[in-house]
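Peer 1:
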Amino acid sequence: MDAKTILKEMTLEEKAAFCSGRDYWHTKEIERLDVPDVMMCDGPHGLRKQLGEGDHLGINKSIETVCYPSASALASSFDRQVMRKLGEALGEECQAEAVSMLLGPGLNIKRSPLCGRNFEYFSEDPYLAGELGSAYVESLQKKGIAACVKHFACNNQETKRMTGDSVVDERTLHEIYLAAFENVVKKGGTRGVMCAYNAVNGEFCAENKALLTDILRGQWGYKGFVVTDWGAVKDRAKGISAGLDLEMPGGPHATGEELVKAVKDGSLSETELDRAVLRILEFVLKAAEEKQENVTIDRENCRRISRELSGECAVLLKNENVLPLGRDKRIAFIGEFAQNPRYQGAGSSHINVPHAVSALEAAGDKNVIYARGYDIHMEEGDPALVNEAVAVAADADIAVVFAGLPDAFEIEGCDRQDMQMPRNQNELIHKVAEVNKNTVVVLYGGAPVELEWREQVAGILCMYLGGEQSGAATVDVLYGTVNPSGHLAETWPVKLADNPSFLNFPGEDGVVTYAEGVFVGYRYYDKKEMQVAWPFGFGLSYTDFAYHNLRIDKSRMCDTDTLLVQCDVTNTGSCFGKTVMQLYVRDVESTVRRPIRELKGFEKIGLDAGETKTVSFVLDKRAFAYYEPRCQDWFMESGEFVIEIGKSSREICQSISVSVEGTTMLSFTITENTTIGQLMKHPKGAEFVKKMMASGSTANTETMGDGSEKMVQQMVLEMPLGALVSYGRMTKEQLEGTIRMLNG
Ligand code: BGC
309 MDAKTILKEM TLEEKAAFCS GRDYWHTKEI ERLDVPDVMM CDGPHGLRKQ LGEGDHLGIN
369 KSIETVCYPS ASALASSFDR QVMRKLGEAL GEECQAEAVS MLLGPGLNIK RSPLCGRNFE
429 YFSEDPYLAG ELGSAYVESL QKKGIAACVK HFACNNQETK RMTGDSVVDE RTLHEIYLAA
489 FENVVKKGGT RGVMCAYNAV NGEFCAENKA LLTDILRGQW GYKGFVVTDW GAVKDRAKGI
549 SAGLDLEMPG GPHATGEELV KAVKDGSLSE TELDRAVLRI LEFVLKAAEE KQENVTIDRE
609 NCRRISRELS GECAVLLKNE NVLPLGRDKR IAFIGEFAQN PRYQGAGSSH INVPHAVSAL
669 EAAGDKNVIY ARGYDIHMEE GDPALVNEAV AVAADADIAV VFAGLPDAFE IEGCDRQDMQ
729 MPRNQNELIH KVAEVNKNTV VVLYGGAPVE LEWREQVAGI LCMYLGGEQS GAATVDVLYG
789 TVNPSGHLAE TWPVKLADNP SFLNFPGEDG VVTYAEGVFV GYRYYDKKEM QVAWPFGFGL
849 SYTDFAYHNL RIDKSRMCDT DTLLVQCDVT NTGSCFGKTV MQLYVRDVES TVRRPIRELK
909 GFEKIGLDAG ETKTVSFVLD KRAFAYYEPR CQDWFMESGE FVIEIGKSSR EICQSISVSV
969 EGTTMLSFTI TENTTIGQLM KHPKGAEFVK KMMASGSTAN TETMGDGSEK MVQQMVLEMP
1029 LGALVSYGRM TKEQLEGTIR MLNG
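For the sequence shown, the working numbering begins at 309 and goes up steadily by one.
(1) Helix, strand or coil, according to DSSP, for residue 470 in the structure here?
(2) Under 9 Å, do residue 449 and residue 455 count as touching if we go by C-beta distance?
(3) With the cut-off set at 9 Å, would you say residue 698 and residue 733 are in Cβ contact?
(4) How is residue 930 classed by DSSP in three states: helix, strand or coil?
(5) Regarding residue 459 and the ligand BGC, is the C-beta to nearest heavy atom distance less than 8 Å?
(6) Any heavy atom of the ligand BGC closer than 8 Å to the beta-carbon of residue 655?
(7) Within 10 Å of its beta-carbon, does residue 1042 have 16 or more other beta-carbons around it, so buried, or fewer, so exposed?
(8) Would you kindly report the start and end of the unbroken alpha helix (DSSP H) that includes residue 611?
(9) Could you check whether the Cβ of residue 444 sits closer than 8 Å to any heavy atom belonging to the ligand BGC?
(10) Determine, using beta-carbon pairs with one atom in the stretch 496–506 and one in the stretch 451–470, whether at least three such pairs fall under 8 Å.
(11) If we count the other Cβ atoms within 10 Å of its Cβ and call it buried at 16 or more, is residue 926 buried or exposed?
(12) Please name the residue in 978, 983, 1001 and 985 whose C-alpha comes closest to that of residue 1045.
(13) Could you check if residue 364 belongs to the surroundings of the ligand BGC, using beta carbon to heavy atom distance under 8 Å?
(14) Please work out which residues of its chain come closer than 7 Å, Cβ to Cβ, to residue 967, disregarding the five sequence neighbours upstream and downstream, and give them in chain order.
(15) Are the CB atoms of residue 378 and residue 721 within a distance shorter than 9 Å?
(16) Would you say residue 714 and residue 737 are within 9 Å of each other, going by their C-beta atoms?
(17) Are there any heavy atoms of the ligand BGC lying less than 8 Å away from the beta-carbon of residue 942, as far as the coordinates show?
(18) Please tell me whether residue 437 and residue 774 are closer than 9 Å, where the distance is taken between their beta carbons.
(19) In chain order, which alpha helix (DSSP H) runs of at least 4 residues are fully inside the stretch 349–420?
(20) Please report how far the alpha carbon of residue 410 lies from the alpha carbon of residue 349, in whole angstroms.
(21) Could you tell me whether any non-hydrogen atom of the ligand BGC is closer than 8 Å to the CB of residue 411?
(22) Assign residue 738 to one of three DSSP states: helix, strand, or coil.
(23) Since residue 677 sits in a beta bridge, which residues does DSSP pair it with?
(24) Anyone know if the C-beta pair for residue 554 and residue 523 falls short of 9 Å?
(25) Which runs of the beta strand (DSSP E) spanning at least 3 residues fall entirely within the stretch 837–907, listed in chain order?
(26) Starting from the C-beta of residue 849, find all residues in its chain whose C-beta is less than 8 Å away, skip the five residues before and the five after it, and write them out in chain order.
(27) Is residue 973 near the ligand BGC, going by C-beta to nearest heavy atom under 8 Å?
(28) Please list the terminal residues of the continuous beta strand (DSSP E) segment that includes residue 536.
(29) Quick one: does the C-beta of residue 537 sit closer than 8 Å to a heavy atom of the ligand BGC?
(30) Indicate the three-state DSSP secondary structure (helix, strand or coil) for residue 783 in the structure shown.
(31) Is the beta carbon of residue 347 within less than 8 Å of some heavy atom of the ligand NAD?
(32) What distance in whole Å lies between the Cβ atoms of residue 832 and residue 808, which are believed to be in contact at a cut-off of 8 Å?
(33) Using the beta-carbon count (16 or more within 10 Å), is residue 535 buried or exposed?
(34) Considering only heavy atoms of the ligand BGC, does any lie closer than 8 Å to the CB of residue 669?
(35) Cα separation between residue 677 and residue 700?
(36) Measure from the alpha carbon of residue 690 to the alpha carbon of each residue in 605, 730 and 656, then state which is nearest.
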């Protein structure tokens, strides 16, 4: 039977009950209608399948499996291919484990470095997050496993995560916080969306019609179903009306009684309930249809993939001729993380790994000596450990300190209080750097930290949280078996107070105002010309790349055209390497406040020494547009734009101008306070201004001195329509008639 036929056969009670899960991880089975249950599990940097008691906080054990790099690391790959490999590997594992939906990826924007779940999120940039998210979703779903992007929307902090209200203006909401979700709906074709716990602009996401229906389904055409974050339901009937479908987790209390009552007393229409039931049924039937029997997986191969992906994500932040390490050199590995690696965050995404490879173990027979240096569980330094480490460092050609945030610093459910590293690690690094000028720091952690010793060390390699093989991947990169090619998916500010959300994070009384608007991450730091530790998109390599010959296929385009942008890249160094060519778009002049530049394209390209390749990008209207609340759509203003090709948001290597022409004009209500300048941007108003100018007298600017013509022009543009009456150019009645005609 198909979903519609099944729906017709269901009683009101069955339908109501079906809208909640059976337990922590399953939908309900309807035996008499042959509707099977399906299982969903947490991920997405591994499979957290719980066989025993379920929970949504990573407390009870899940099956032993492979842990891949977390989103914070994955995003640094700037590589859709990395995401595809991960999606495929996880898709196969889900098939083998009879799991139909993998919850994730997290698409929330990194508004503040303090968000406790930043390790589960990709970036401060919605284009990057959306593109990587889409690549992953597509490949996972190709394997017959549904993705469930989360947490929709504006869940950018953990403080008051279940009750807080994120107050965001409409333009910022669409441009920054929704754009990645939009990408994954339209391009990735996600079959699941998980709504967030928090409220957006006063309405809980689980009951937010604007988000769940008007935008998600109305504007974006989403056809899948919406599941609550675990326990996010407040008012069940209101949620269903707003566009919510499935409540999770379920359990014995989830009988649907509340919904039956709401339908009976008329506060919820049965049509609205049917709509939700149908969407869940469609998901369940498709999952059943795509289920494959007898799939086995080769976990050894999965581990190899995990190691490879982790290497692709490594970001080399600083290298003063110290890396790669020579095999003939005597190397000191210092710090507990070298032996006991940190490779994932805590909470619902926690993967149960039988064995995580440490860098020390991966170093094998290399000439490495080890000193523990600090105790991960302590904040204060231990003099004995420090002394031993300093002695080992002094005796080595190169000292590599393994440092970063301990587990307790980054947890689902709590935000960090500051951006500091543990005191004992900072002290140790200072002391080691004093005795060995070739000191390299390897950083593990899911988010930026303040690095007070940044200038003192010769090298810094950031591995983020790179999965169970990140120790091995670290050794691959340190010794040059893998040439680092990761780039920062978020700006590393010098200090926390520099961050744009600093004064409004985590809000007060459960309300957080996103007062910085669209100026999030590099959009803010670049506009303010602020010094940063490392800019968005930054990452070094063991080779060099030159970008040249940027070209476009037309110098003028309108909003229905596409623009082909091409740029050549040459590996000018002496070994194979990968570079991330980043394409930014800059609006030269705009009537609304816009960032200096915004990422609109990126490609990762591998090149042998001396090799040259051409990279192509196709841009459409969206690359130039901003979200205009007055037309509730993306709007492209006519004028000059610059296409920039760079290695980070601060290192632009090539640029070229293009003139774009928007064929639509903004329509808005004209009043007597509308200025002539504004009127010129109105479809009917522009015509009126032209006629008025043609018939009016021209000011005698000759006697007014240099630049006066421009001044007069500016004054006219700023003049409100009402002034035409004050200056005797029209009667009040004529003006009213004109305004009526223009608005008509
Ligand atoms: C988390 C989700 C997770 C769910 C199920 C919630 O607490 O916010 O990300 O998928 O639990 O474990």
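Just so you know, even glycine gets a beta-carbon here, dropped at the ideal spot from N, CA and C.
Peer 2: To lay it out plainly:
(1) Locating residue 470 in the sequence shown gives position 162, counting from the first residue. The answer is coil: DSSP assigns residue 470 none of H, G, I, E or B.
(2) Within the sequence shown, the letter at position 141 stands for residue 449. Within the sequence shown, the letter at position 147 stands for residue 455. Contact: yes.
(3) Looking up residue 698 in the sequence shown gives position 390. Looking up residue 733 in the sequence shown gives position 425. For residue 698 and residue 733, no; Cβs fall outside 9 Å.
(4) In the sequence shown, the residue the question calls residue 930 occupies position 622. Residue 930: helix per DSSP, three-state reduction.
(5) Translated into the one-based positions of the sequence shown, residue 459 becomes position 151. Yes, the Cβ of residue 459 comes within 8 Å of a heavy atom of the ligand BGC.
(6) The residue you call residue 655 lines up with position 347 of the sequence shown. Yes, the beta carbon of residue 655 sits closer than 8 Å to at least one heavy atom of the ligand BGC.
(7) The sequence position of residue 1042 within the sequence shown is 734, counting from 1. Residue 1042 is exposed by the Cβ-count criterion.
(8) Taking the sequence shown and counting its residues from 1, the one referred to as residue 611 is at position 303. Unbroken alpha helix (DSSP H) run through residue 611: 607–621.
(9) Indexing the sequence shown from 1 puts residue 444 at position 136. Because no heavy atom of the ligand BGC lies under 8 Å away, the Cβ of residue 444 does not count as near it: no.
(10) yes
(11) By one-based count along the sequence shown, residue 926 stands at place 618. Per the 10 Å Cβ criterion, exposed.
(12) Here residue 1045 is taken as the residue at index 737 of the sequence shown, counted from 1. For the residues 978, 983, 1001 and 985, the minimum Cα distance to residue 1045 belongs to 978.
(13) Taking the first residue of the sequence shown as 1, we reach residue 364 at position 56. Yes, the Cβ of residue 364 comes within 8 Å of a heavy atom of the ligand BGC.
(14) For the purposes of this step, residue 967 is taken as residue 659 along the sequence shown, with counting starting at 1. Excluding residues within five positions, the ones whose Cβ falls inside 7 Å are 863, 864 and 948.
(15) Counting from 1 along the sequence shown, the entry for residue 721 is found at position 413. Counting from 1 along the sequence shown, the entry for residue 378 is found at position 70. No, the pair does not count as a contact, with Cβ atoms beyond the cut-off.
(16) Within the sequence shown, numbered from 1, the residue matching residue 714 stands at position 406. Within the sequence shown, numbered from 1, the residue matching residue 737 stands at position 429. No, Cβ-Cβ distance for residue 714 and residue 737 is not below 9 Å.
(17) Sequence index remark: in the sequence shown, residue 942 carries index 634 (1-based). It does not: the Cβ of residue 942 is nowhere closer than 8 Å to a heavy atom of the ligand BGC.
(18) Numbered from its first residue, the sequence shown carries residue 437 at position 129. Numbered from its first residue, the sequence shown carries residue 774 at position 466. Cβ distance not < 9 Å, so residue 437 and residue 774 don't count as in contact.
(19) 379–384 and 388–404
(20) Locating residue 410 in the sequence shown gives position 102, where the first residue counts as 1. Locating residue 349 in the sequence shown gives position 41, where the first residue counts as 1. Going by the C-alpha atoms only, they are around 5 Å apart.
(21) Walking along the sequence shown from the start, residue 411 turns up at place 103. Indeed, a heavy atom of the ligand BGC lies less than 8 Å from the Cβ.
(22) Here residue 738 is taken as the residue at index 430 of the sequence shown, counted from 1. It is helical.
(23) Here the question's residue 677 lines up with position 369 in the sequence shown. Partner(s): 640.
(24) The sequence position of residue 554 within the sequence shown is 246, counting from 1. The sequence position of residue 523 within the sequence shown is 215, counting from 1. Contact: no.
(25) 840–842, 853–860, 864–866, 871–879 and 885–895
(26) Residue mapping note: residue 849 aligns to position 541 of the sequence shown, counting from 1. Cβ neighbours of residue 849 beyond the five flanking positions: 624, 791, 792, 793, 881, 885, 886 and 887.
(27) As a working mapping, residue 973 is identified with position 665 in the sequence shown. No, the ligand BGC has no heavy atom inside 8 Å of this Cβ.
(28) Residue 536 sits at position 228 when you count from the first residue of the sequence shown. Per DSSP, residue 536 belongs to the beta strand (DSSP E) from 533–536.
(29) Translated into positions along the sequence shown, residue 537 becomes position 229. Flag set: Cβ of residue 537 near the ligand BGC.
(30) The residue you call residue 783 lines up with position 475 of the sequence shown. Of the three classes helix, strand and coil, the one that applies to residue 783 here is helix, per DSSP.
(31) Looking for the ligand NAD in the displayed structure turns up nothing; the ligands present are the ligand BGC.
(32) In the sequence shown, counting from the first residue as 1, residue 808 sits at position 500. In the sequence shown, counting from the first residue as 1, residue 832 sits at position 524. Rounded, the Cβ-Cβ distance is 4 Å, consistent with contact.
(33) Position 227 of the sequence shown, counting from 1, holds the residue named residue 535. That one is buried.
(34) For the purposes of this step, residue 669 is identified with residue 361 of the sequence shown, where counting begins at 1. Every heavy atom of the ligand BGC is 8 Å or more from the Cβ of residue 669, so no.
(35) Taking the first residue of the sequence shown as 1, we reach residue 677 at position 369. Taking the first residue of the sequence shown as 1, we reach residue 700 at position 392. Roughly 7 Å separates the two Cα atoms.
(36) Translated into positions along the sequence shown, residue 690 becomes position 382. Among 605, 730 and 656, the Cα nearest to that of residue 690 is on 730.
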